[in-house]
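Right, one structure below, let's go through it.
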Amino acid sequence: MSDTIFDKIIRGEIPADFVYEDADMVAFRDLHPQAPVHVLFVPRKPIATLNDLSAEDTALVGKLVLAAAAYARREGFAEAGYRTVFNCNHDGGQTVFHIHLHLLGGAPLRGGFA
Ligand code: AMP
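First residue of the sequence shown? That's 12 in our numbering, and the numbers climb one at a time after it.
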């Protein structure tokens with residue numbers, strides 16, 4: 012079984028700055044923010060990469076996206092805009108192997124993907 016730093020955060024073994032949680036996920040501020048708002052939406056279910064998703068995870072992934080959009084609305088920057096990103100494996104820049112949706116916003120973001 013995977014045991015990443017995000018599993019430890021979910022279990023409460025190491026601290027994080029939580030902004031949201033429910034039965035399916037937790038959301039906390041990224042330790043090294045790349046934008047004024049940088050929050051990670053992390054399912055409680057340990058799934059290593061997007062490549063490990065199966066059809067049974069369809070609703071779970073949708074819930075991560077909806078939670079990120081709802082957070083942007085609550086925080087007042089939904090209309091201005093934001094970026095959501097899932098990194099996958101080495102070329103995608105993934106460093107923590109427990110899937111997570113990055114939500115970046117709070118200012119105009121640079122274009123490009125790298
Ligand atoms: P990725 O590179 O897509 O796997 O994203 C992993 C993200 O987790 C990076 O943006 C890190 O800054 C962030 N991160 C790593 N450790 C922590 C932590 N303990 N608390 C919050 N964010 C973290």
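Here a beta-carbon is modelled for each residue, glycine too, at the ideal position from N, C-alpha and C.
- Sequence-distant Cβ neighbours of I25 in its own chain, meaning closer than 8 Å and more than five residues away, are I16, K19.
- According to the DSSP assignment, L64 belongs to no alpha helix (DSSP H), since it is labelled neither H nor E.
- Assignment of beta-bridge partners to T95 by DSSP yields L114.
- Pairing G104 with V96, the inter-Cα distance amounts to about 11 Å.
- Shown here, V76 sits in a helix according to DSSP, grouped into three states.
- Shown here, R40 sits in a strand according to DSSP, grouped into three states.
- The stretch 80-93 makes no contact with the stretch 58-67: fewer than 3 CB pairs, one atom from each, lie closer than 8 Å.
- For F52, the uninterrupted beta strand (DSSP E) segment begins and ends at 48-54.
- Taking a contact as a CB-CB distance under 8 Å, the pair L114 and V50 counts as one, their CB atoms being some 5 Å apart.
- Residue state for F17 is assigned as helix, using DSSP reduced to three classes.
- Residue side-chain check: V53 keeps its Cβ at 7 Å or more from all non-hydrogen atoms of the ligand AMP.
- The nearest non-hydrogen atom of the ligand AMP is less than 7 Å from the C-beta of I16.
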